Amino acid sequence: MAKQQYWLMKSEPSECSIDDLAAAKKQTVPWFGVRNYQARNYMRDQMQVGDGVLFYHSSCPEPGIVGLATVSSTAYPDETQFDKKSHYYDEKSTREEPRWMLVDVTLDRKTRLLSLPELREAPELADMIILKKGNRLSITPVTAAEWKAVLKRLG
DNA sequence: GCCAACGTTGGC
DNA sequence: GCCAACGTTGGC
1 MAKQQYWLMK SEPSECSIDD LAAAKKQTVP WFGVRNYQAR NYMRDQMQVG DGVLFYHSSC
61 PEPGIVGLAT VSSTAYPDET QFDKKSHYYD EKSTREEPRW MLVDVTLDRK TRLLSLPELR
121 EAPELADMII LKKGNRLSIT PVTAAEWKAV LKRLG
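So that you can map any letter, position 114 of the first sequence is 114 in UniProt numbering, and since no number is skipped, the others follow by simple counting.
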């Protein structure tokens with residue numbers, strides 16, 4: 001068993017909020033719609049069942065961490081890439097060679113909102129990738145120390 | 001709605 | 001392989 005890893009995963013609440021995750025069957029959702037190679041590579045190559053996930057709401061009135069989750073599957077193809085009616089359809093992807101992979105994410109627990117301004121104030125979190133200027137990556141690795149500091153602040 | 005920052009595309 | 005143009009992200 002490899003060492004536990006931690007991630008921050010952004011989701012737009014209008015697309016899939018923490019409440020949507022809580023209401024989902026088995027409180028689990030496939031993390032569909034990622035169309036960025038770096039984020040895909042994290043899911044495909046590095047994520048393991050049991051990894052910790054900070055669930056983050058982006059592009060909304062109150063951006064921030066809103067819950068804790070767990071990676072609950074290894075990587076498999078994102079079905080939406082094959083669906084012509086989907087916003088995430090990719091005509092260059094085939095079933096033989098799918099371009100986009102995803103993992104399942106299962107809710108651990110909802111938390112209070114740990115807001116973006118609050119994250120910025122925390123000295124232990126100063127190096128979080130998500131807080132760096134210009135960062136747009138929807139999935140970023142989180143260090144064990146950052147994970148611990150976030151948990152401490154969530155109480 | 002604005003805009004900075006970044007990723008992708010495509011012409012050469 | 002370069003790089004300009006374009007599209008997207010995401011906070012404000």
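Note that beta-carbon positions come from the ideal geometry of N, C-alpha and C, so glycine has one too. These numbers were taken from a predicted model, which means no experiment stands behind them.
Measuring alpha carbon to alpha carbon, tell me which residue in the options is nearest residue i.
i: residue 6; options: 154, 152, 145; result: 145
i: residue 108; options: 25, 148, 67, 122; result: 67
i: residue 17; options: 77, 153, 54; result: 54
i: residue 122; options: 79, 151, 47; result: 151
i: residue 88; options: 129, 3, 15, 4; result: 15
i: residue 47; options: 134, 97, 133, 141; result: 141
i: residue 35; options: 85, 8, 101, 126; result: 101
i: residue 24; options: 8, 106, 12, 79; result: 106
i: residue 143; options: 155, 117, 127, 112; result: 127
Suppose the cutoff is 7 Å on Cβ atoms and the five residues either side in sequence are ignored; what does the same chain contact list for residue i look like?
i: residue 99; result: 81, 90, 92, 93
i: residue 4; result: 50, 51, 52
i: residue 135; result: 129
Report buried or exposed for residue i, applying the criterion of at least 16 other Cβ atoms within 10 angstroms of its Cβ.
i: residue 49; result: exposed
i: residue 63; result: buried
i: residue 60; result: exposed
i: residue 19; result: exposed
i: residue 39; result: buried
i: residue 75; result: buried
i: residue 51; result: buried
What residue range does the alpha helix (DSSP H) around residue i cover?
i: residue 145; result: 144 to 154
i: residue 39; result: 37 to 41
i: residue 14; result: 13 to 16
Which same chain residues end up closer than 6 Å to residue i when comparing Cβ atoms and leaving out the 5 residues on each side of it in sequence?
i: residue 10; result: 56, 58, 138
i: residue 65; result: 54, 56, 114
i: residue 124; result: 149
Between which two residues does the beta strand (DSSP E) harbouring residue i extend?
i: residue 104; result: 104 to 115
i: residue 82; result: Element bounds for residue 82: n/a, residue is neither H nor E.
i: residue 65; result: 64 to 71
i: residue 53; result: 52 to 57
i: residue 29; result: 28 to 30
With a CB to CB cut of under 8 Å and the five nearest residues on each side skipped, what residues in its chain are close to residue i?
i: residue 95; result: 77, 82
i: residue 104; result: 28, 29, 30, 31, 71, 72, 73
i: residue 2; result: 48
For the ligand ADP, any of its heavy atoms closer than 6 Å to the Cβ of residue i?
i: residue 144; result: Here there are no bound small molecules, and the ligand ADP is not part of this structure.
Task: Contact the stretch 69 to 81 vs the stretch 39 to 49: 3+ CB pairs below 8 Å - done: yes
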